[in-house]
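Before any comments, here is the structure.
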Amino acid sequence: MVGGAFLRAARYAAAALLLGWAGVAHAHAGHLEVEDLRIVRDGAANYLEAQISYPASDTPLALTAVATGSASGRLELRSGAAYRAATRVPVAGGITSLGVSTRYRVVLPGEYAAGSRVPVTLLFGGGALLTLEAEVEGSPPSPPLLGWAMLVLAVLTALGSLELWRRHLRSGHRGRTAL
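Read in order, the letters of the sequence shown correspond to residues -27 to -1, 1 to 152 in mature numbering (1 follows the signal peptide of the UniProt record, and there is no 0).
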């Protein structure tokens, strides 16, 4: 009996905790708007693009993590001409832009099929969660240069072997098998 009462109390406590977190998430996400959410390919990487609108009258917020079904995103801050890892993206009152060349950006590893819709979860400080669908734009990366070089080398080798075989046949050595 004691074990059953303890489990029941633990379930109630867990439910209350989850409802409390959901309330915090809803409180923050209720004032937050994300527009133009999409995943774009630029070069060999995928980037999350979005416009985050947040009222200036609310407490400042920070984006702390981004995840898709297949990977966790990497937050980056522009530092001069390069980007470095960031632990958070401040979301102040007004509009915060995320994109390939904005001050802050989100890099998403993995492959995404152009035209598909991918669920993206944004985690904000204070436990606010927001899950939306992002459309994937762009095309998959082209094969690496080494792959193309190997293909060209294979074609040239095949053409060279074909030319040697033609010379062999023209020389009248039809009965011999050695080149």
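Even for Gly, the Cβ is constructed at its ideal location relative to N, Cα and C.
Asked: Whether Leu81 touches Val62 by CB criterion (8 Å); Found: no
Asked: Beta-carbon separation (whole angstroms), Gly42 vs Val91, contact threshold 8 Å; Found: 7 Å
Asked: Touching by the beta-carbon criterion (3+ pairs, under 8 Å), the region 21 to 34 and the region 71 to 81; Found: yes
Asked: Rounded separation between Val64 and Ile12 - CA only; Found: 20 Å
Asked: Through-space distance from Leu124 to Leu142, alpha-carbon basis; Found: 27 Å
Asked: Nearest-angstrom Cα separation, counted from Val39 out to Val109; Found: 16 Å
Asked: CA-to-CA distance, Ile68 to Tyr77, given in whole angstroms; Found: 13 Å
Asked: Spatial distance of Gly66 from Gly111 (CA atoms); Found: 31 Å
Asked: Nearest-angstrom Cβ-Cβ length linking Ala35 and Gly98, presumed shorter than 8 Å; Found: 4 Å
Asked: Ser74, DSSP secondary structure in three states; Found: coil
Asked: Rounded C-alpha distance that separates Leu10 from Ala55; Found: 24 Å
Asked: Buried/exposed call for Arg140, threshold 16 Cβ in 10 Å; Found: exposed
Asked: Residue from Gly88, Leu96, His4 whose Cα sits closest to the Cα of Val79; Found: Leu96
Asked: Backbone secondary structure at Glu136 - three-state DSSP; Found: helix
Asked: Boundaries of the beta strand (DSSP E) in which residue 157 is found, first to last residue; Found: Residue 157 lies beyond the stretch modelled for the chain, which goes from -27 to 152, so this question has no answer here.
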